[in-house]
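Take a look at the structure below.
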Amino acid sequence: MTTLTHHNVHNYFKLNGYHLNGKELSRVAYSYIKEGDLYEQVIGEFLLDWFDNKDYIEVTTSGSTGLPKQVSLQKKAMIESALATGDFFDLKPGDKALLCLPVQFIAGKMMLVRSLILGLDIDVIEPSLEPLARNKTKYDFVAMVPLQVQNSIKGLVNVKKLIVGGAKMDTSLEEKLRPLKTKIYETYGMTETITHIAAKQVGEKAFSVLPNVKISRDERECLVISAPSVSDVPIVTNDLVELISENQFVFIGRIDNVINSGGVKLIPEKIETKLIGKINARFFVTGVPDIALGEKLILVIEGEKQDFAPDFFDFLDKFEKPKEIVFVPKFKETGNGKMLRKPSLEG
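full-length UniProt numbering puts the first residue of the sequence shown at 1, with every later residue one more than the last.
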């Protein structure tokens, strides 16, 4: 059996309808860099990096859990990730795919790698919030962030399988997606794991890991990922999880976000889930310093000030009720659309 390398291009691979081999792709890449729009220039630069003689790619993290940083990912590991995705989602050579994510980040890069390695017929379009607005093509496999999904619900009739990553899907979006025939999966992963290492179908509670991934928890009850094909060492996360089995887990929240208010530990993500659908704007809850409590729970809402009835939060547990409501004109986001809590509050 021939070992796949980053120089391999599957003979079923197509880019915007054209069969292209490695040399032809390099010529397309130069053309993109010289004459293309900004998103095409980024694709061109990635393709040249992919086909060069280095065994790694430099990738910038999204910065959603800290400052953006450069990490080196082995091309061999990216190929293994592509093969695992192909197995998990049953992707076949010739399947029609859509790239509507920015290739600056790992999710966009991996859509190209999957296509090259698995032999997908991929259309590349400029990233936008409404990627299916004027696109009536039928696709077997598409990846989006939640905001794109929110704006593409009608168009999903033309998509067989959709993976959603980059940020957590809220309950109200999931409810809108449940009646659709499209198979829709929320994914779990990060740049260091070369996109997703687990996924769950809309309506399911627990994530299931991809092939060759093992999971455990550390003493903080945070997820530890062992995926030898993509990382030589276990990846310790700051994500609080409940382990269901050796290959399934439920995401609870980020340990960085936990609020210690008067000795009571509050998990913002749990409270936010209860508030979804009740506040007509984007929002999050967080803790701020307080002399009496150590930290007090506040609710941060994007947009103009709203008035809430005195009993509005009565459905929440005693300690989950916000002590203060703060209104912020516009939340700050990462380059790929993830909301930044602390910078949004700081203004």
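C-beta atoms are modelled at their ideal positions from N, C-alpha and C, and glycine is treated no differently. Owing to the predicted nature of the structure, the values given are computational and were not obtained by experimental measurement.
Please list, in chain order, all residues of the same chain as residue i whose beta carbon is under 6 Å from its beta carbon, the five residues on each side excluded.
i, result
"THR5", "none"
"GLN201", "TYR185"
"MET78", "VAL113, ILE194"
"LYS305", "PHE327"
"ASP95", "LEU120, ASP140, PHE141"
"MET111", "LEU99, ALA143"
"THR187", "ILE163, GLY165, HIS196, ALA199"
"LYS160", "ASP140"
"ILE106", "VAL59, THR191, THR195"
"ASN158", "LYS138"
"GLU324", "ILE298"
"ASN212", "SER229"
Among all the DSSP beta bridges, which residues are the ones paired with residue i?
i, result
"ASP239", "ARG254"
"LEU296", "Rather than Leu, the amino acid found at residue 296 in this sequence is Lys. Partner(s): VAL288."
"HIS19", "LYS14"
"GLN201", "TYR185"
"LYS332", "LEU340"
"GLN306", "Paired residue(s): none; GLN306 is not in a bridge."
"LYS265", "ASN260"
"ARG217", "LEU223"
"GLN70", "THR60"
"SER245", "GLN248"
"PHE327", "ILE301"
"PHE283", "ILE301"
Near residue i, which residues of its chain fall below 7 Å by C-beta distance, leaving aside the five closest residues on each side in sequence?
i, result
"ARG220", "ILE255"
"VAL250", "LYS205, ALA206, VAL241, GLU242, ILE244"
"ARG217", "LEU223, VAL224, VAL241, LEU243"
"ASN16", "ASP123, VAL124"
"ASP239", "CYS222, LEU223, PHE251, ARG254"
"VAL209", "ILE197, ALA198, ILE215, ASN247"
"GLU80", "SER229, VAL230"
"ALA29", "GLY44, LEU47, LEU48"
"TYR32", "GLU40, GLN41, ILE43, GLY44"
Quick check on the DSSP output: the alpha helix (DSSP H) that includes residue i runs from which residue to which?
i, result
"ALA84", "75 to 88"
"GLU58", "No alpha helix (DSSP H) holds GLU58; the beta strand (DSSP E) holding it covers 56 to 60."
"VAL42", "38 to 51"
"VAL113", "106 to 118"
Closer than 8 Å by C-beta to residue i: which residues in its own chain qualify, once you throw out the five before and the five after it? Chain order, please.
i, result
"ILE153", "LYS176, LEU177, LEU180"
"TYR56", "SER72, LEU73, GLN74, LYS75"
"GLY347", "VAL328"
"GLU333", "MET339, LEU340"
"ASN21", "VAL9"
"ASN53", "none"
"CYS342", "For the sequence presented, residue 342 should be read as Lys rather than Cys. Around LYS342: THR286."
With distances taken Cα to Cα, identify the nearest neighbour of residue i among the options.
i, options, result
"SER72", "GLY277, MET190, LYS323, THR60", "THR60"
"VAL264", "VAL233, ILE252, GLY294, ASP37", "GLY294"
"VAL224", "ILE279, ASP95, LYS214", "LYS214"
"VAL142", "LEU101, LEU129, MET169, ILE106", "LEU101"
"PRO322", "ALA133, THR286, ALA97, ALA309", "THR286"
"GLU272", "PRO68, GLN70, ASP317, LYS23", "ASP317"
"PHE319", "GLU333, MET169, LYS296, PRO127", "LYS296"
"VAL9", "LEU47, GLU40, LEU38", "LEU47"
"GLU24", "SER261, LEU116, VAL258, PHE283", "LEU116"
"ILE127", "GLY108, PRO228, ASP87", "For the sequence presented, residue 127 should be read as Pro rather than Ile. Comparing Cα positions, the closest option is GLY108."
"LYS278", "VAL258, ASN260, ASP170", "ASP170"
"LEU83", "SER229, LEU275, LEU299", "SER229"
"LEU129", "LYS274, ALA227, PRO146, ILE235", "PRO146"
"VAL300", "GLY189, PHE283, PHE308", "PHE283"
"ASN11", "PHE89, GLU40, LEU38, LEU118", "LEU118"
"ILE267", "PRO289, PHE331, ASN257, ASN212", "ASN257"
"LYS92", "LYS54, PHE13, SER31, SER172", "PHE13"
"SER261", "ASP232, ASP311, ILE291", "ILE291"
"PHE51", "PRO310, ILE259, HIS7", "HIS7"
"residue 354", "ILE33, THR182, LYS136", "This structure cannot speak to residue 354, because the chain is shown only from 1 to 347."
"ASP314", "PHE331, LEU275, ILE235", "LEU275"
"GLY303", "PRO289, PRO310, GLN148, ALA281", "ALA281"
Tell me which residue opens and which closes the beta strand (DSSP E) that residue i is part of.
i, result
"ILE271", "It is not in any beta strand (DSSP E) - ILE271 instead sits in the alpha helix (DSSP H) that spans 268 to 275."
"LEU99", "96 to 99"
"ILE259", "259 to 261"
"SER208", "207 to 209"
Write down every uninterrupted run of the alpha helix (DSSP H) in the region 121 to 195 whose length is 4 residues or greater and which is fully enclosed by it, in chain order.
146 to 150, 171 to 177
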